[in-house]
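Numbering-wise (the numbering used here), the sequence shown opens with residue 92 and increments by one.
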Amino acid sequence: MTTALVQTVSGRYVDVLHPQPADIEIHDIAHALGHICRFGGSCRRFYSVAEHSVRVARLLPPALQLAGLLHDAAEAYVGDVVTTIKRSLPSHNYMEGLVQTAVHQRFGIVLSEQDTAQIKRADIVMLATERRDLMPADGSEWAILAGVAPLPERILPMTIEAAVAEFCLAYEGYAQMDLLSA
């Protein structure tokens, strides 16, 4: 059996070809996403996937906030590949899907097609906002953002430490809400 082991900050090893929900830990996710810069590091200031995830979650109704927070959690294990490149990497997409499924199982996330669409919409609104606030203003259009307005508030990126802390606090709050609604 082929394995593809990734060691996390907690010292755990996760096989991204055979991820087990029990191997997925929120602090590993928070730490890794806090240290991964969006846009392949090409934004004007460091802006983490953790901060992006917190911002996406805040755009969603309470029932979807945990799923929104964790929508990019697989990237903690397989890295963040720029979307335009990711389309050409079926094996990466496959591994990412396996890990994201394990994340959903670990945290009890079950999504309908409508839920997934709502999270994707919040993700795209954040992308439009990030494009405006963090990327070079070159006048070009991004096709994926056609007809999508950015949020009115501007993004002032957090430090890595603040983004990791915000991610953990958001998780604790959303997990508590899930327990109360169960």
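Beta carbons: idealized from backbone N, C-alpha and C, even for Gly.
What you are looking at is a predicted structure, and each value in this text was computed from that prediction instead of being measured.
Please list the terminal residues of the continuous alpha helix (DSSP H) segment that includes Leu218.
204-225
Compute the Euclidean distance between the alpha carbons of Ala141 and Ala121, then round it to the nearest angstrom.
6 Å
For Ala154, the nearest candidate out of Asp114, Val194, Thr207, Met186 (CA to CA)
Thr207
Return helix, strand or coil for Gln72, following the three-state DSSP convention.
Since the displayed the chain opens at 92 and closes at 273, residue 72 lies outside it and no answer follows.
Could you please give me the residues that DSSP links to Asp106 through a beta bridge?
Leu96
I need the straight-line Cα distance from Ile117 to Glu232, nearest angstrom please.
36 Å
Taking the alpha carbon of Thr93 as the point to measure from, which residue in His109, Val239, Tyr104, Ala148 has its own alpha carbon closest?
His109
Nonlocal neighbours in the same chain, by C-beta distance under 6 Å from Asp171, ignoring five residues either side
Ile127, Val140
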